[in-house]
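Undergrad:
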Amino acid sequence: MIVYATHAGGKYLPLDESLRVQPEGKRNLYVNITNHCNCACTFCLRTMKHMAEQSSLWFKGKEPTVEEVKAALDTVPWDYIKEVVFCGFGEPTMRLDVLLELLRYVKQHHPELPTRLNTNGLGELENGREFASEFQGILDTVSISLNASNAERYFELTRAKFGVQSYDAMLTFAQHCKPYVPNVVLTIVDHVEGPEEIEKCRKICEERGLTLRVRPYEDS
Numbered sequence: 274m275i276v277y278a279t280h281a282g283g284k285y286l287p288l289d290e291s292l293r294v295q296p297e298g299k300r301n302l303y304v305n306i307t308n309h310c311n312c313a314c315t316f317c318l319r320t321m322k323h324m325a326e327q328s329s330l331w332f333k334g335k336e337p338t339v340e341e342v343k344a345a346l347d348t349v350p351w352d353y354i355k356e357v358v359f360c361g362f363g364e365p366t367m368r369l370d371v372l373l374e375l376l377r378y379v380k381q382h383h384p385e386l387p388t389r390l391n392t393n394g395l396g397e398l399e400n401g402r403e404f405a406s407e408f409q410g411i412l413d414t415v416s417i418s419l420n421a422s423n424a425e426r427y428f429e430l431t432r433a434k435f436g437v438q439s440y441d442a443m444l445t446f447a448q449h450c451k452p453y454v455p456n457v458v459l460t461i462v463d464h465v466e467g468p469e470e471i472e473k474c475r476k477i478c479e480e481r482g483l484t485l486r487v488r489p490y491e492d493s
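Shown next, in the form of structure tokens:
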């Protein structure tokens, strides 16, 4: 449920391997709370199960309880950590109550550390309510997968279970987060869309006062 970003080679590793590869310096802590997702993105590693099962973020059994994740967090060498990221092969907001409780737990015990949520932005559709205000004071960055400049292309890429309406819901969620989360970032994968599409996405973000990050495609 927990791995460490080891930047020598861009690897995501368990703690002992992370310290062996990168003995010094800070690293990000990545926390997965679910394998379930309401999208089936064409470029996601979830579509290549042999890869997913080899990752230490993929749950082969049941999902961890809140207490199990807290126990794992209690063993973290916090002096080595620069950011706590809730992410994984699933969509964290599908376990919204768990996510919120763990964000509060991290901030309660390590208020100096920034927290980040990597999300597809469909949590409001999934949970049937707005909840961005509950991030205030416990979430520093929300990174939302924009993926495309229009609803039709977005649905083609993500195959979101909510259909074409998912695109506008994702952008609305980003707007809802702005008053409560200091950094609201939208992302697009570089090898999925070309420069023209990326520029269209950049304009969408600029019009809404949001930041666009073009992220590299990870194929393993």
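When we follow the numbering used here, the leftmost residue of the sequence shown carries the number 274, and every step to the right adds one. We treat Cβ as the ideally placed atom computed from N, Cα and C, and that holds for glycine.
Can you tell which of H382, N308, G361 has its C-alpha closest to the C-alpha of T348?
TA: H382
Undergrad: Would you mind stating whether L499 and I354 have Cβ atoms separated by less than 9 angstroms?
TA: The requested residue 499 does not occur in the structure, where the chain is confined to residues 274 to 493.
Undergrad: DSSP three-state call for L286: helix, strand or coil?
TA: strand
Undergrad: What is the DSSP secondary structure of I445, counted as helix, strand or coil?
TA: It is Thr, not Ile, that sits at residue 445 in the sequence shown. T445 falls in the helix class under three-state DSSP.
Undergrad: In the DSSP assignment, find the unbroken beta strand (DSSP E) run with I354 in it and report its ends.
TA: Where I354 is concerned, the enclosing beta strand (DSSP E) starts and stops at 354 to 360.
Undergrad: Beta-carbon separation of T307 and E364 under 9 angstroms?
TA: yes
Undergrad: Whole angstroms is fine: what's the gap from D441's alpha carbon to P296's?
TA: The alpha-carbon of D441 is positioned some 44 angstroms away from that of P296.
Undergrad: Report yes if the CB atom of N301 is closer than 9 angstroms to the CB atom of E356, and no otherwise.
TA: yes
Undergrad: Count the other C-beta atoms from every protein chain shown that fall within 10 angstroms of the C-beta of P384, then say buried if there are 16 or more, exposed otherwise.
TA: Taking all protein chains in view, the Cβ of P384 is surrounded by fewer than 16 other Cβ atoms within 10 Å, so the residue is classified as exposed.
Undergrad: What did DSSP end up calling V437 once you bin it into helix, strand or coil?
TA: helix
Undergrad: Would you mind sorting G298 into buried or exposed? The rule is 16 or more other CB atoms within 10 Å of its CB.
TA: exposed
Undergrad: Taking W351 as the reference, which of R426, Y303, G436 has the closest Cα?
TA: Comparing Cα positions, the closest option is Y303.
Undergrad: Can you say whether P337 is buried or exposed, counting buried as having 16 or more other CB atoms within 10 angstroms of its CB?
TA: buried
Undergrad: Can you tell which of Q438, R481, V358 has the C-alpha that lies nearest to the C-alpha of P452?
TA: R481
Undergrad: My guess is that E407 and L386 are in contact by the Cβ rule of under 8 angstroms, so how many angstroms apart are they, rounded?
TA: Incorrect: roughly 19 angstroms between the Cβ atoms, too far for contact.
Undergrad: Does I306 come out as helix, strand or coil in the three-state DSSP assignment?
TA: coil
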